[in-house]
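Everything on this sheet refers to the single structure shown next.
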Amino acid sequence: MNDILSVNHLSIGFDHSYGHTSVIDDISFNIEKGQTLCIVGESGCGKSLTSLAVMGLLPSGGRIHDGQIVYKGQDISRKSQKELSEIRGKEISMIFQEPMTALNPLHSIGYQVSEVLRVHQKVSKHEAKEKAIEMLRLVGIPSPEKRFAQYPHELSGGMRQRVMIAMALICHPGLLVADEPTTALDVTIQAQILELIQNLKSQFDMALLLITHDLGVVSETADKVVVMYAGQVVEYGDTKELFTEPKHPYTKGLINSIPKMDEDTEVLPTIKGSVPSPDEMPMGCRFVTRCPFAMEICSKIKPPKITDGHEVHCWLYSSEDVKGENPSVDKV
Amino acid sequence: MLIKSETPEPEKILEVKDLKKFFDIKQGFVGLGHQTVRAVDDVSFFVNKGETLGIVGESGCGKSTMGRSILQLQKPTDGSVLFEGIELTKLKNGQIRKLRKDIQMVFQDPFGSLNPRITIGTMLREIVNTHHVVNKTESKSYVEELLEQVGLKKSYYDRYAHEFSGGQRQRISIARALAVRPKLIVCDEAVSALDVSVQAQILNLLQKLKKDYELTYLFISHDLSVIKHVSDRVAVMYLGQIVELASKEEIFEHPLHPYLRALLSAIPLVNQPKRERIILSGEVPSPINIPEGCRFHTRCPFAKDLCKQKVPAFEQKKDGHWAACHFA
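Chains as they are written, first to last, in this note's numbering: chain A, 221 to 552; chain B, 9 to 336.
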């Protein structure tokens, strides 16, 4: 058992005055030590919520009502906020999409980076400063001694993201959760930041849970990938295998709808329609309203998990004779 | 008639010459610390009738400011913008308003650019009536037809903007641009806020409308793969200037400028073997303090002494392939 994090049958919902909405429905995945796992999906698929659940930072009203989140052998999904604050920042750290809103504008970046150390490791102020400068240097901030006293607004977007990374990694966590860390950045800066994260990851022997909507980023950084749609896992497995042989109609549709750099297509293949809202989720497979291969059973019963090489949740691959007809899968 | 006959040879619909847009910032004591942001700094290009010219560049390169300056939404500091031979920069506000019927714009944020207080039917009809596109009695059916053209239902006429998803809102923005039967549409990051599956739907819609209505697009985006998909010719901008311009086939197969080569190598791709990556050091310099010589030299991995001293001319390196680099 080399798993640093395993998420088992996690379900998350929101309670409100008129009832309950299920947002994340029975998702499972695991990350081994030093591995990179990407969760990919479109807006509203629940990928960010999953990452927040791992951090114990669900927004108000959100509640884990089933499943476990096991970090290094202990279930952290039922821990109190006080217990979690021992883990957050020290064992599991997080970086966000918008470094400007994640940093405190009233404190210098040096203060914010060294604060993490002073809280978790009880080091002296002087020692914290030294280590913080060292960390800022490591994330590629030029002349960190000078930058130490600067405020977030004095830095560019790329530099701010570097500061966020320095804050997240200063206690050498076992797992870094990165929620769209490069989405707000330009491609050339994105390339710099992704390279930096990869380097630090191997240097610190740290696992990475990367949340992104960009399939290109997934393909180039992940060991394993979870494809989510409307709060459910549709496909999960080794990145290379999943991208060369995608099985779920959604994954295929997603890959096909990106304009390609190496070929010309007149008309892009699309996925018809849009994601249903949480209140009108179909029974059974949630992709059924947009799936070109939907069968009768798909709208009635939740698709089974089929593991053939990698995991796919789809009736098309079921060995059970679904209503006598066997649609040709190759056409997808 | 909506559909016109085809023109045999390319005819320039838009010609931009030496366009400049500077912004003054006053700082310090009674504005003594006077500085200038050179957002668009001497840009020239043309767009042929019926083609799509893609403008690509990173944030802050001036591509959006350029789009706005062409439409005279922001008065250019200097230079000329010729639309079908008419000099837009010299026109008075009233005259420009009439010409806006021919040039329309689609913006990035479909949440910020639609009026939340009126139904989309009312909004579209108002535009149609203001510009006298059709007879007032026919305007409702015209708008309904328009909604169907952009892939929405007629029955959406009475709905408000907040009732629609991001992709549908972008369809409404496109309907609004289309309502006055324009000749040129400036799309400013029109698909950037959308998820890929929806982005593909909107890109297909834009391509279809281009054929149906014989439109010309000036398509501004930061996304090279989107630009490659929609464009006939592509211009690459860096720090307020065009650094490379050529046909789509030429520019993506034989990129000349180190900046474009770096951009191309930096995009993460699906199912591609690891490429040799040109990682650019540092960040885009501020448009207040533009570097001497070639403005890309501070980040260029191939920069030589010459680049620091002499500004490279934007010249034709091959047939129809323009670039601003000493060593391209």
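Here a beta-carbon is modelled for each residue, glycine too, at the ideal position from N, C-alpha and C.
The structure presented is a predicted model; accordingly, all values stated were derived computationally and were not measured.
Chain A contact for residue i (CB, 9 angstroms cutoff)
{"i": "residue 322/B", "result": "no"}
{"i": "residue 139/B", "result": "no"}
{"i": "residue 205/B", "result": "yes"}
{"i": "residue 285/B", "result": "yes"}
{"i": "residue 337/B", "result": "This structure cannot speak to residue 337/B, because chain B is shown only from 9 to 336."}
{"i": "residue 276/B", "result": "yes"}
{"i": "residue 163/B", "result": "no"}
{"i": "residue 232/B", "result": "yes"}
{"i": "residue 279/B", "result": "yes"}
{"i": "residue 291/B", "result": "yes"}
{"i": "residue 15/B", "result": "Interpretation of residue 15/B is limited by its pLDDT of 48, a score under 50 that renders its predicted location unreliable; no figure is taken from the coordinates."}
{"i": "residue 337/B", "result": "Since the first residue of chain B shown is 9 and the last is 336, residue 337/B is not available in this structure."}
{"i": "residue 212/B", "result": "yes"}
{"i": "residue 10/B", "result": "The predicted model places residue 10/B with a pLDDT of 49, which falls under 50 and marks its position as unreliable; any figure quoted below should be read in that light. Answer no: the Cβ-Cβ gap between residue 10/B and chain A never drops below 9 angstroms."}
Rounded separation between residue i and residue j - CA only
{"i": "residue 175/B", "j": "residue 347/A", "result": "52 angstroms"}
{"i": "residue 199/B", "j": "residue 179/B", "result": "10 angstroms"}
{"i": "residue 24/B", "j": "residue 51/B", "result": "7 angstroms"}
{"i": "residue 401/A", "j": "residue 315/A", "result": "7 angstroms"}
{"i": "residue 117/B", "j": "residue 254/A", "result": "39 angstroms"}
{"i": "residue 515/A", "j": "residue 492/A", "result": "16 angstroms"}
{"i": "residue 549/A", "j": "residue 322/B", "result": "The pLDDT assigned to residue 549/A is 48, lower than 50, so where the model puts this residue is not dependable; a value taken from the coordinates is nonetheless given after this. Distance between the alpha carbons of residue 549/A and residue 322/B is about 53 angstroms."}
{"i": "residue 289/A", "j": "residue 248/B", "result": "49 angstroms"}
{"i": "residue 22/B", "j": "residue 238/B", "result": "18 angstroms"}
{"i": "residue 448/A", "j": "residue 274/A", "result": "16 angstroms"}
{"i": "residue 106/B", "j": "residue 56/B", "result": "22 angstroms"}
{"i": "residue 120/B", "j": "residue 280/A", "result": "27 angstroms"}
{"i": "residue 544/A", "j": "residue 518/A", "result": "Summary for residue 544/A: the model assigns pLDDT 46, below 50, so the residue's position carries little reliability, and this model does not support an answer."}
{"i": "residue 340/A", "j": "residue 510/A", "result": "48 angstroms"}
{"i": "residue 291/A", "j": "residue 62/B", "result": "48 angstroms"}
{"i": "residue 459/A", "j": "residue 438/A", "result": "8 angstroms"}
{"i": "residue 80/B", "j": "residue 104/B", "result": "8 angstroms"}
{"i": "residue 473/A", "j": "residue 462/A", "result": "13 angstroms"}
{"i": "residue 410/A", "j": "residue 293/B", "result": "17 angstroms"}
{"i": "residue 547/A", "j": "residue 537/A", "result": "Note on residue 547/A: pLDDT 48, under 50, position unreliable in the model; the coordinate value appears next. Roughly 10 angstroms separates the two Cα atoms."}
{"i": "residue 287/B", "j": "residue 123/B", "result": "43 angstroms"}
{"i": "residue 377/A", "j": "residue 320/A", "result": "8 angstroms"}
{"i": "residue 454/A", "j": "residue 100/B", "result": "57 angstroms"}
Residues bridged to residue i (per DSSP)
{"i": "residue 409/A", "result": "Partner(s): none; residue 409/A has no beta bridge."}
{"i": "residue 250/A", "result": "226/A"}
{"i": "residue 241/B", "result": "61/B and 255/B"}
{"i": "residue 46/B", "result": "30/B"}
{"i": "residue 339/B", "result": "Because chain B in this structure spans residues 9 to 336, residue 339/B falls outside the shown range and cannot be described."}
{"i": "residue 445/A", "result": "258/A and 457/A"}
{"i": "residue 528/A", "result": "530/A"}
{"i": "residue 265/B", "result": "Bridge partners of residue 265/B: none, in fact."}
{"i": "residue 331/B", "result": "252/B and 323/B"}
{"i": "residue 6/B", "result": "With chain B covering only 9 through 336, there is no way to say anything about residue 6/B."}
9 angstroms Cβ cutoff, residue i in contact with chain B
{"i": "residue 269/A", "result": "no"}
{"i": "residue 481/A", "result": "yes"}
{"i": "residue 428/A", "result": "no"}
{"i": "residue 536/A", "result": "no"}
{"i": "residue 434/A", "result": "yes"}
{"i": "residue 502/A", "result": "no"}
{"i": "residue 532/A", "result": "no"}
{"i": "residue 243/A", "result": "no"}
{"i": "residue 259/A", "result": "no"}
{"i": "residue 412/A", "result": "yes"}
{"i": "residue 422/A", "result": "no"}
{"i": "residue 363/A", "result": "no"}
{"i": "residue 399/A", "result": "no"}
{"i": "residue 455/A", "result": "no"}
{"i": "residue 499/A", "result": "no"}
Check: residue i C-beta below 8 angstroms from any heavy atom of the ligand PLP
{"i": "residue 483/A", "result": "This structure does not include the ligand PLP; it has no bound ligands of any sort."}
**Report entry** Entirely enclosed beta strand (DSSP E) segments - the segment 456-502 of chain A, minimum 3 residues
**Finding:** none
Query - Minimum length 4: unbroken alpha helix (DSSP H) runs contained in the segment 180-239 of chain B - result: 204-221 and 232-238
**Report entry** In chain order, each beta strand (DSSP E) run of at least 3 residues that lies wholly inside the segment 314-364 of chain A
**Finding:** none
Query - Every unbroken beta strand (DSSP E) within the segment 273-311 of chain A, with a cutoff of 3 residues, ordered by chain - result: 282-291
Report task. Mind the definition here: the segment 478-489 of chain A touches the segment 225-233 of chain B only if three or more C-beta pairs lie below 8 angstroms; say whether that holds. Result -> yes
Query raised in the report: If you scan the segment 63-107 of chain B from start to end, which runs of the alpha helix (DSSP H) of 4 or more residues do you find wholly inside it?
Result: 71-78 and 101-107
Query raised in the report: Does the pairing of the segment 239-257 of chain A with the segment 435-449 of chain A give three or more beta-carbon distances under 8 angstroms?
Result: yes
**Report entry** Continuous alpha helix (DSSP H) assignments of at least 4 residues falling wholly in the segment 366-427 of chain A
**Finding:** 377-389 and 407-424
Query raised in the report: Counting Cβ pairs closer than 8 angstroms, one from the segment 127-145 of chain B and one from the segment 166-173 of chain B, do we hit at least three?
Result: yes
Query raised in the report: Counting Cβ pairs closer than 8 angstroms, one from the segment 293-310 of chain B and one from the segment 266-281 of chain B, do we hit at least three?
Result: yes
Query - Stretch-stretch touch, CB-based, cutoff 8 angstroms, three pairs: the segment 73-87 of chain B with the segment 26-33 of chain B - result: yes
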